[in-house]
Every structure is written in structure tokens, then in C-alpha cells.
Amino acid sequence: MGATKSDLFTKQQNDIANMAKALAHPARIAILQYLVKKNACVCGDLVDELGLAQATTSQHLKELKTAGLIQGTIEGASVCYCINPKVWNQYHNILGAFFKEAAEAKSCC
């Protein structure tokens with residue numbers, strides 16, 4: 001598999017691509033929606049909510065945590081997750097600006 005050649009693109013382009021990658025699975029979207037809806041740390045409910053295997057759910061949580069979108073705290077034998085508001089707001093601002101710029105572009109057709 002070849003290199004992505006990310007150095008050919010701006011930091012903003014790479015940031016947006018990394019954000020899109022973190023959001024690029026419906027299970028991750030479902031996890032984020034659930035955490036936003038609960039507006040609290042969630043321990044263990046995600047497997048039942050998603051209907052996916054524990055290992056699969058854990059992998060998606062790992063990807064979201066690596067992207068910084070969620071944060072986790074250890075409580076006993078489990079990890080409780082919630083939205084990371086700082087990174088959530090960064091995603092909102094960067095993606096919002098990207099879509100606003102595209103919306104303001106004149107139609108070519």
C-alpha cells in the first residue's frame with residue numbers, strides 16, 4: 001500500500017480529512033449521538049445500545065478516543081465515556097467553516 005502523501009496538502013486539508021476519517025463509520029456516529037443524548041458519562045450501556053459485540057464497540061471507542069472526540073475515566077472495572085467538549089467544538093468550528101466556504105462558492109453549472 002502506498003503512502004498517502006499528506007505532505008502535499010495543507011494542515012487544514014489534513015485536519016479535515018482526519019476528522020472525516022474519525023466520523024466515517026455509522027457505529028461511531030451512533031456512539032457520539034448516544035453520548036450527546038445522555039449528556040453524561042456512560043459506562044457499559046453502549047454494547048446494548050449498539051447491538052455490536054463488545055470487541056467491536058471497544059474498537060470504535062478507541063478510534064473516537066484517539067481522535068479526541070470522547071474521553072474516558074476509569075470507574076472500578078469499567079471505563080465511562082463522554083464527549084470531549086474542547087475537541088467537539090474544534091470539529092464544529094473547522095467543519096462548519098469548511099461547509100460554509102463551500103456553500104458560499106458560486107455554482108459552476
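Each residue of the sequence shown is one higher than the last, beginning at 1 in the UniProt record's numbering. A virtual CB, placed ideally from N, CA and C, is assigned to each residue, including glycine.
Residue-chain proximity (residue i, chain C), Cβ-Cβ < 8 Å
i: GLU49; result: Absence of chain C from the displayed structure is noted, only one protein chain being present.
Cβ pair residue i, residue j closer than 8 Å
i: ILE74; j: LEU61; result: no
i: LEU35; j: ILE83; result: yes
i: residue 119; j: LYS65; result: Since the first and last residues shown for the chain are 1 and 109, residue 119 lies out of range.
i: VAL42; j: TYR81; result: yes
i: LEU23; j: ILE29; result: yes
i: ALA27; j: LEU52; result: yes
Status (buried if at least 16 other CB within 10 Å, exposed otherwise) for residue i
i: THR57; result: buried
i: ALA105; result: exposed
i: GLU101; result: exposed
Curious, which full-length alpha helix (DSSP H) runs of at least 4 residues does the UniProt domain "HTH arsR-type" (8 to 106) contain? 11 to 23, 26 to 38, 45 to 50, 54 to 66 and 85 to 104
If you pair each beta-carbon of the stretch 7 to 16 with each one of the stretch 44 to 57, do three or more pairs fall below 8 Å? no
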